[in-house]
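Trainee:
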Amino acid sequence: VSLARFDEARRVAIFGGTHGNEMSGVTLVNLWVKNGSEIQRKMVDTKPFITNPRAVEKCTRYVDTDLNRAFTPENLSALGEGDLPYEVQRAQEINRIFGPKGSPEAYDVIFDLHNTTSNMGCTLILESSKDYFNLQMMNYIKVTDIRLKSLLKASIQLVECCFTSVNIVLCDWFIAGLEVGPQPQGVLRSNIFEAMRVILKHALDFIELFNEGVEFPTCTVEVFRVLERIDYPRDANGNIIAMVHPNLQDGDWEPLNPGDPMFLTFDGKTLHYQGSGTIYPTFINEAAYYEKQQAFVTTRRETLVASAIRKA
Amino acid sequence: MPYRARFGRKMECVSLPPLSNFAICGGTHGNELTGVYILREMQKHNVEKVGSVSITTVLSNPRAVDACRRYTDRDLNRCFTDDLLSSPITESTPYELRRAQELNAHLGPKGSEEAVDLLCDMHNTTSNMGLCIIFNSADWLILHICKYLQSKITSMPVRALQMDLPLSEAFSVDSLGKHGFSFEIGPQPHGVLRADVFNTMKEAVDLTIEWLQQFNSGRTFEGGEVEAYTRWKTVHYPRDPTTDEITAAIHPQLQDNDFKLLQPGDPIFLSLSGETVKHEGDALYPVFVNECAYYEQKIAYHLTQKSTLTLPSINVKKD
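Okay, here's the thing in structure tokens:
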């Protein structure tokens, strides 16, 4: 495809607090709900929105169940209203306000703001390698802001192994999870907050330019395609018996070669990566993933070509 | 304070009773994982006695550990004042108040002859503090342990922090022991287990046990000086006067700079609208900069002064 045309992105939502203790998004959205001048753009209707207010109030990831895994078709059609888990009720409400997917009322673009305890820098999480709109947006941001050139990464999670996140169900094309770290849960770091703010500023500028009819020529973008999740070594009772090795800790996006240290047992023994080839690990030692049996995620580095895009 | 030696005169060696029992606590805050896992390993290896020292391992707040939360009803590590330890238990008493009294019966009673000789409580912080040894009153024993650890541990800075409250007001679990202190290691996000932090905590615990054995077997530990950070002053986040919401983040130049002297005019906060707030007043040392658990009380950091404490040589009192 040499030129892909999309309808203009008129309605844009910015979600914060999908996990109530990921503070950059919570703080930005609260700020913009009070004063949205910073996120206003010509011909774009931008709505900042706290997706999980109860979790935000308690400064916890979730109250009953992870909202970012709650957007299953079963949940969205479940009956029971007040008897349903809080996050299932929220998912239904969010779907009503911002979706449903495929309908003319659905929002055009949704940014879902997250933080991670992993040393991932700024990562845009996409669902598809054909997501030319988001690939072009990434390219625009990197080209526009030299500080973000090396800081901003794109990660593609295959739909099958991607969880039923907020954005996947709602939008047809323009969905972007923005993950910035490292930041402890419950903590607001100024540098992380400002990085997220700047990325969103450029992203909204891009949308405005796109809506004005600017054509973005074809470009190549480096992406990391998620392969598999690696759990901690555990004993027969399910207890963790080793920690992420100091050599791997904080090494997100750096190559992990077969034979490299991967885990360190509590009594000092090193366990090595046994894969057949080099992979690029990410989400290394994310706090929320201990309960999801995930120590890190492996990815393969690819170069994608994004076709030129222009408003239809 | 009877710490400084008179100029030119060396302090005499002080003899102290042997320390036969040592309690080591973890999971006082259920999401500070290093202590939880250190305990797990010690219990797996049935560590009960090392030479002359009997060791008791205690998971302080099992409910909070199970939920991976700081606490269930209220902060356990604020429940050990004399008042709270003697308050009557009813059906509506919060879990942590009950638990504090249980721990007091098990490891104390606080202030009595039956209390454990030495109690060490393991903590983590999201602040960039390296390894801190936090104690309420600075007795010779604890200061010597500080000095010993400072001489042996090279993986991160080791610093002594003194709270100096009257014993009745001392509120943390380590106040139960005849001698008590906490290890605080950061930075580590709550709910995360970092291998480098685990290894340093393990080393600190092992060295403490090693020191106790050497002390009990008659070694004289030479006196000297230990620097300690004292006289804590709390600094709160700037807040919106009507909503009480925090309106600024720790400034990037202060973030991660615990123990770096803060001078008047140095930036401390960067408001959400981009204004810089500067430090006013005396030059002091910030600690617990941007600790997650302190947002609840809107505490941004504490300011301390650096004091030099002088120690005599000590050895064990022989019958």
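Listed in order, the protein sequences are those of chains A and B.
One point on numbering: in full-length UniProt numbering, the residue at position 306 of the first sequence is 306, and numbering is uninterrupted.
One point on numbering: in full-length UniProt numbering, the residue at position 279 of the second sequence is 279, and numbering is uninterrupted.
Quick reminder that beta carbons are idealized off the backbone N, C-alpha and C, glycines included.
Considering only residues of the segment 191-227 of chain B, which uninterrupted alpha helix (DSSP H) runs meet the minimum length of 4 residues and lie entirely inside it, listed in chain order?
Mentor: With a minimum length of 4 residues, the continuous alpha helix (DSSP H) runs that stay inside the segment 191-227 of chain B are 195-216.
Trainee: Of all the CB atoms in chain A, is at least one closer than 7 Å to the CB of G191 (chain B)?
Mentor: On the second sequence, position 191 is the one that residue 191 (chain B) refers to. Chain A, which has a Cβ nearer than 7 Å to the Cβ of G191 (chain B), makes this yes.
Trainee: What does C292 (chain B) reach in chain A if we use C-beta pairs closer than 8 Å?
Mentor: Residue 292 (chain B) sits at position 292 when you count from the first residue of the second sequence. Simply P184, Q185, G186 and V187.
Trainee: Could you check how far apart the C-beta atoms of E208 (chain A) and V44 (chain A) are, in whole angstroms? I think they sit under 8 Å.
Mentor: What you label residue 208 (chain A) is simply residue 208 of the first sequence in a count that begins at 1. What you label residue 44 (chain A) is simply residue 44 of the first sequence in a count that begins at 1. Between V44 (chain A) and E208 (chain A) the Cβ distance is about 6 Å, and since that is below 8 Å, they are a contact.
Trainee: In the DSSP assignment, find the unbroken beta strand (DSSP E) run with P48 (chain A) in it and report its ends.
Mentor: Your numbering for residue 48 (chain A) matches position 48 in the first sequence. Taken as a continuous stretch (DSSP letters only), the beta strand (DSSP E) holding P48 (chain A) covers D45 to I50.
Trainee: Determine whether the Cβ of P48 (chain A) lies closer than 7 Å to any Cβ atom of chain B.
Mentor: Counting from 1 along the first sequence, the entry for residue 48 (chain A) is found at position 48. With 7 Å as the cut-off, P48 (chain A) does not count as an interface residue toward chain B.
Trainee: Which stretch, first to last residue, makes up the beta strand (DSSP E) that contains C219 (chain A)?
Mentor: On the first sequence, position 219 is the one that residue 219 (chain A) refers to. Looking at the DSSP string, the run of the beta strand (DSSP E) that includes C219 (chain A) is C219 to I230.
Trainee: Tell me whether the segment 12-25 of chain A and the segment 102-121 of chain A touch, counting them as touching only if at least three CB pairs, one residue from each stretch, are closer than 8 Å.
Mentor: Verdict: yes, contact present.
Trainee: By Cβ distance below 8 Å, which residues in the same chain neighbour P255 (chain A) in space, the five residues on each side in sequence not counted?
Mentor: Numbered from its first residue, the first sequence carries residue 255 (chain A) at position 255. Closer than 8 Å at Cβ, skipping near neighbours: T278, I279 and Y280.
Trainee: Whole beta strand (DSSP E) runs in the segment 21-90 of chain A with 3 or more residues, listed along the chain?
Mentor: Complete beta strand (DSSP E) runs here, min 3: 45-50.
Trainee: Does the beta-carbon distance from T34 (chain B) to M201 (chain B) come in below 7 Å?
Mentor: Position 34 of the second sequence holds residue 34 (chain B). Position 201 of the second sequence holds residue 201 (chain B). In contact: T34 (chain B) and M201 (chain B) (Cβ atoms closer than 7 Å).
Trainee: Could you name the residues of the same chain whose beta carbon sits closer than 8 Å to that of L3 (chain A), not counting the 5 residues immediately before and after it, in chain order?
Mentor: Sequence index remark: in the first sequence, residue 3 (chain A) carries index 3 (1-based). Excluding sequence neighbours, L3 (chain A) sits near E215, S307, A308, I309 and R310.
Trainee: Indicate the three-state DSSP secondary structure (helix, strand or coil) for E215 (chain A) in the structure shown.
Mentor: For this step, residue 215 (chain A) is matched to residue 215 along the first sequence. Note: E215 (chain A) maps to coil in three-state DSSP.
Trainee: Quick check on the DSSP output: what are the complete beta strand (DSSP E) runs of length 3 or more inside the segment 217-288 of chain B, in order along the chain?
Mentor: Runs found: 224-236, 248-250, 267-271, 276-278 and 285-287.
Trainee: Does the separation of the CB atoms of H123 (chain B) and W232 (chain B) fall below 7 Å?
Mentor: The residue you call residue 123 (chain B) lines up with position 123 of the second sequence. The residue you call residue 232 (chain B) lines up with position 232 of the second sequence. Going by C-beta atoms, H123 (chain B) is not nearer than 7 Å to W232 (chain B).
Trainee: For C120 (chain B), does the count of other Cβ atoms within 10 angstroms reach 16, so buried, or fall short, so exposed?
Mentor: For the purposes of this step, residue 120 (chain B) is identified with residue 120 of the second sequence, where counting begins at 1. Buried.
Trainee: Rank B:D75, B:F171 and B:Y37 by C-alpha distance to the C-alpha of Y294 (chain B) and give the top, closest one.
Mentor: Counting from one through the second sequence, the residue named residue 294 (chain B) turns up at place 294. Out of B:D75, B:F171 and B:Y37, B:D75 has the C-alpha closest to the C-alpha of Y294 (chain B).
Trainee: Using only CA atoms, which one of B:D319, B:A64 and B:L311 lies nearest to D139 (chain B)?
Mentor: As a working mapping, residue 139 (chain B) is identified with position 139 in the second sequence. It is B:L311 whose Cα lies nearest to the Cα of D139 (chain B).
Trainee: Is the beta carbon of H19 (chain A) closer than 7 Å to that of R61 (chain A)?
Mentor: The residue labelled residue 61 (chain A) in the question sits at position 61 within the first sequence. The residue labelled residue 19 (chain A) in the question sits at position 19 within the first sequence. In this structure, H19 (chain A) lies closer than 7 Å to R61 (chain A) by Cβ.
Trainee: Hey, how far is the Cα of L97 (chain B) from the Cα of E91 (chain B)?
Mentor: For the purposes of this step, residue 97 (chain B) is taken as the residue at position 97 of the second sequence. For the purposes of this step, residue 91 (chain B) is taken as the residue at position 91 of the second sequence. Spanning the two alpha carbons is a distance of roughly 12 Å.
Trainee: Write down the C-beta distance between L304 (chain A) and V221 (chain A) rounded to the nearest angstrom, noting that I regard them as a contact closer than 8 Å.
Mentor: Position 304 of the first sequence, counting from 1, holds the residue named residue 304 (chain A). Position 221 of the first sequence, counting from 1, holds the residue named residue 221 (chain A). Between V221 (chain A) and L304 (chain A) the Cβ distance is about 5 Å, and since that is below 8 Å, they are a contact.
Trainee: Given that L287 (chain A) touches chain B, what residues does it touch there, using C-beta distances under 8 Å?
Mentor: Residue numbering aside, residue 287 (chain A) sits at position 287 when the first sequence is read from its first letter. First, the amino acid is wrong: residue 287 (chain A) is Ala here, not Leu. Near A287 (chain A) (Cβ distances below 8 Å), the residues of chain B are P189, H190, G191 and V192.
Trainee: If L227 (chain A) sits next to R300 (chain A), beta carbons under 8 Å apart, how far is it from one beta carbon to the other, in whole angstroms?
Mentor: For the purposes of this step, residue 227 (chain A) is identified with residue 227 of the first sequence, where counting begins at 1. For the purposes of this step, residue 300 (chain A) is identified with residue 300 of the first sequence, where counting begins at 1. Yes, they are in contact, since the Cβ atoms of L227 (chain A) and R300 (chain A) sit about 6 Å apart, within 8 Å.
Trainee: Within this structure, are the beta carbons of V287 (chain B) and T308 (chain B) separated by less than 7 Å?
Mentor: Along the second sequence, one-based indexing puts residue 287 (chain B) at 287. Along the second sequence, one-based indexing puts residue 308 (chain B) at 308. No, the pair does not count as a contact, with Cβ atoms beyond the cut-off.
Trainee: Taking 7 Å as the threshold (beta carbon to beta carbon), is A195 (chain B) in contact with chain A?
Mentor: In the second sequence, counting from the first residue as 1, residue 195 (chain B) sits at position 195. Closer than 7 Å to some Cβ of chain A, the Cβ of A195 (chain B) qualifies, so yes.
Trainee: Give me, in chain order, the residues of the same chain whose beta-carbon lies closer than 6 Å to that of A228 (chain B); leave out the 5 immediate sequence neighbours on both sides.
Mentor: In the second sequence, residue 228 (chain B) corresponds to position 228, counting from 1. Counting only Cβ-Cβ distances below 6 Å, and skipping sequence neighbours, we find A160, Q162, S307 and L309.
Trainee: Taking contact to mean at least 3 C-beta pairs separated by less than 8 Å, is the segment 173-184 of chain B in contact with the segment 105-113 of chain B?
Mentor: As far as the Cβ criterion goes, the segment 173-184 of chain B touches the segment 105-113 of chain B, which means the pair count is three or higher.
Trainee: Measure the Cβ-Cβ separation of K318 (chain B) and L16 (chain B) and say whether it is below 7 Å.
Mentor: Looking up residue 318 (chain B) in the second sequence gives position 318. Looking up residue 16 (chain B) in the second sequence gives position 16. No, Cβ-Cβ distance for K318 (chain B) and L16 (chain B) is not below 7 Å.
Trainee: Helix or strand or just coil, what does DSSP make of G35 (chain B)?
Mentor: Residue mapping note: residue 35 (chain B) aligns to position 35 of the second sequence, counting from 1. Here G35 (chain B) sits in helix by DSSP.
Trainee: Is it the case that the Cβ atoms of C146 (chain B) and E184 (chain B) are separated by a distance below 7 Å?
Mentor: The residue given as residue 146 (chain B) occupies position 146 in the second sequence. The residue given as residue 184 (chain B) occupies position 184 in the second sequence. No. Outside cutoff.
Trainee: Quick check: what's the CA-CA separation for C13 (chain B) versus G281 (chain B)?
Mentor: For the purposes of this step, residue 13 (chain B) is taken as residue 13 along the second sequence, with counting starting at 1. For the purposes of this step, residue 281 (chain B) is taken as residue 281 along the second sequence, with counting starting at 1. Straight-line Cα distance between these residues: approximately 40 Å.
Trainee: For I133 (chain B), report the span of its alpha helix (DSSP H) as first-last.
Mentor: Counting from 1 along the second sequence, the entry for residue 133 (chain B) is found at position 133. No alpha helix (DSSP H) holds I133 (chain B); the beta strand (DSSP E) holding it covers G130 to F135.
Trainee: Restricting to Cα atoms, I'd like to know which of B:T56, B:A170 and B:E203 is closest to S151 (chain B).
Mentor: Here residue 151 (chain B) corresponds to residue number 151 of the second sequence, with the count starting at 1. It is B:E203 whose Cα lies nearest to the Cα of S151 (chain B).
Trainee: Report the rounded CA-to-CA distance for G186 (chain B) versus V192 (chain B), giving the unit in angstroms.
Mentor: Working through the second sequence from its first residue, we reach residue 186 (chain B) at position 186. Working through the second sequence from its first residue, we reach residue 192 (chain B) at position 192. Approximately 11 Å, taken between the alpha carbons.
Trainee: Figure out for me which residue from B:H45, B:V197, B:F181 and B:Y71 has the closest Cα to the Cα of E296 (chain B).
Mentor: Along the second sequence, one-based indexing puts residue 296 (chain B) at 296. When only C-alpha atoms are compared, the closest one is B:Y71.
Trainee: Return the Cβ separation of V158 (chain B) and I24 (chain B) in integer angstroms, given the expectation that the two are a contact with Cβ distance under 8 Å.
Mentor: Counting from 1 along the second sequence, the entry for residue 158 (chain B) is found at position 158. Counting from 1 along the second sequence, the entry for residue 24 (chain B) is found at position 24. Rounded, the Cβ-Cβ distance is 18 Å, inconsistent with contact.
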